[in-house]
Amino acid sequence: MSAGAPSGGAPSAEALPQPPAGGRDHHELVFIGGLHRSGTTPLARSLARHPEIAGLEGTGVPEDEGQHLQPVYPKAKVYGGSGRFARDPRSHLTEHSPLLAPDTAHRLRSAWDPYWDTSRRVLLEKSPPNLVMGRFLQAAFPGSALIVVVRHPVVVALSNKKWRSLLSRDLTRQTTLSTLVDNWVRAHETLRADAPHLRRLHVLCYEDLVREPERELERIQRFLGLVEPIPADGIRPDRSSRYEQAWRDYENPLRPGGVQRRLISRRYGGQIARFGYDVDDLEVCDASQLLAPA
1 MSAGAPSGGA PSAEALPQPP AGGRDHHELV FIGGLHRSGT TPLARSLARH
51 PEIAGLEGTG VPEDEGQHLQ PVYPKAKVYG GSGRFARDPR SHLTEHSPLL
101 APDTAHRLRS AWDPYWDTSR RVLLEKSPPN LVMGRFLQAA FPGSALIVVV
151 RHPVVVALSN KKWRSLLSRD LTRQTTLSTL VDNWVRAHET LRADAPHLRR
201 LHVLCYEDLV REPERELERI QRFLGLVEPI PADGIRPDRS SRYEQAWRDY
251 ENPLRPGGVQ RRLISRRYGG QIARFGYDVD DLEVCDASQL LAPA
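For the sequence shown, the UniProt record's numbering assigns the number 1 to the initial residue and increments by one for each residue that follows.
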């Protein structure tokens, strides 16, 4: 689903910082965002294989994410990291952010350019917090595009719960499933509110991407105006079955997680449905609802 800001919905280009001089403005910048464990990495890798697109390579930072290379804005971990950052209002950056300055684009490009093949027309940067930074990035780079991948909130919560447990034994870093779902809801409510201000926004369901990768990548190809198709063989079939089984197990109130399932269904079921998802069916996704007015 592609969307653009309606007339008058965003600040005029004249009011925003302009691309830096020195021959860089012939590039088109594309940002990928989406919560951790939502499929941003396989999508970014697929796009980076396209002959017109350069992804960040050889950075030495986790998942080659640009957030870890730049000195302009705080990384997601400052706001709690995966499964938490969107719950901190400071993570939401817009064209009104005090972090935005006339040299912002130059400072970001200086950090990222060494890891891009700048002979290519499209320069791609992927970091999960881009989901709530679209307006900031658009202000820094007028004409840039934002692609957001959305995955079922329960699957994202279960996956983040697993990885947070594996990466840290610090109990203070452990997060309940309901808190992880709350983070999902807040992040996507922020995106929905930002959407009218974004001139070039494309949102897709992870479930659709793994079910019909050629179709979804063709839509991105059209959105970006690419001549050749985007390679689809890097998109693997959905691996959510283990999370679906865990969620079914939580139907038993005596099983670990049973209380959390009831809490999530009661507190967030309606909000999840408004985004085109079903709290009881982890395979359902209605992409038409992702940006629909609440």
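Where a beta carbon is used, it is the ideal one built from N, C-alpha and C, also for glycine.
Query: Coarse secondary structure for residue 352, derived from DSSP in three states; Result: With the chain covering only 1 through 294, there is no way to say anything about residue 352.
Query: Spatially closest choice to Leu99 from Ala195, Pro71 and Ser82, by CA coordinates; Result: Pro71
Query: Ordered list of alpha helix (DSSP H) runs contained in the segment 258-285, each at least 4 residues; Result: 258-273
Query: Rounded separation between Asn252 and Gly258 - CA only; Result: 6 Å
Query: Nearest-angstrom Cα separation, counted from Pro256 out to Ala292; Result: 35 Å
Query: Whole-angstrom distance between Glu57 and Trp116, CA atom to CA atom; Result: 7 Å
Query: Rounded separation between Leu224 and Gly66 - CA only; Result: 20 Å
Query: Sheet register partners of Gly39 (DSSP bridge); Result: For Gly39, which the question treats as bridged, DSSP gives no partner whatsoever.
Query: Where the beta strand (DSSP E) containing Val30 begins and where it ends; Result: Glu28 to Gly33
Query: Coil, strand or helix - Ser2 by DSSP; Result: strand
Query: Selection from Leu158, Tyr268, Gln138 and Gln245 that minimises the alpha carbon distance to Thr175; Result: Leu158
Query: Inter-residue spacing [alpha-carbon to alpha-carbon] between His50 and Asp88; Result: 35 Å
Query: Unbroken alpha helix (DSSP H) run spanning His96, endpoints; Result: His96 -> no alpha helix (DSSP H), and no H or E assigned at all.
Query: Bridge partners - His202, DSSP secondary structure assignment; Result: Ser2 and Ile147
Query: Residue range of the alpha helix (DSSP H) that includes Val122; Result: Segment Val122 to Lys126 is the beta strand (DSSP E) holding Val122; no alpha helix (DSSP H) there.
Query: Which listed residue (Glu212, Glu125, Ala187 and His202) has its alpha carbon closest to that of Asp64; Result: Glu125
Query: Which of helix, strand or coil DSSP assigns to Ala292; Result: coil
Query: Rounded C-alpha distance that separates Asn160 from Val150; Result: 14 Å
Query: For Arg192 and Arg274, the rounded distance between their alpha carbons; Result: 11 Å
Query: Ile220 - containing beta strand (DSSP E), residue span; Result: Premise fails: Ile220 lies in the alpha helix (DSSP H), Pro213 to Leu224, not in any beta strand (DSSP E).
Query: Within 8 Å, strictly: CB atoms of Val122 and Ile53; Result: yes
Query: Exposed unless 16 or more other CB atoms sit within 10 angstroms - verdict on Glu228; Result: exposed
Query: Val210 to Arg248 span [Cα, whole Å]; Result: 22 Å
Query: Cβ neighbour criterion (16 or more within 10 Å) applied to Leu254; Result: exposed
Query: Beta carbon of Leu93 nearer than 8 Å to that of Ser178; Result: no
Query: Closest residue to Asp208 among Glu95, Asp113, Val284 and Ile230 (Cα-Cα distance); Result: Val284
Query: Ile32 beta carbon less than 8 Å from that of Ala44; Result: yes
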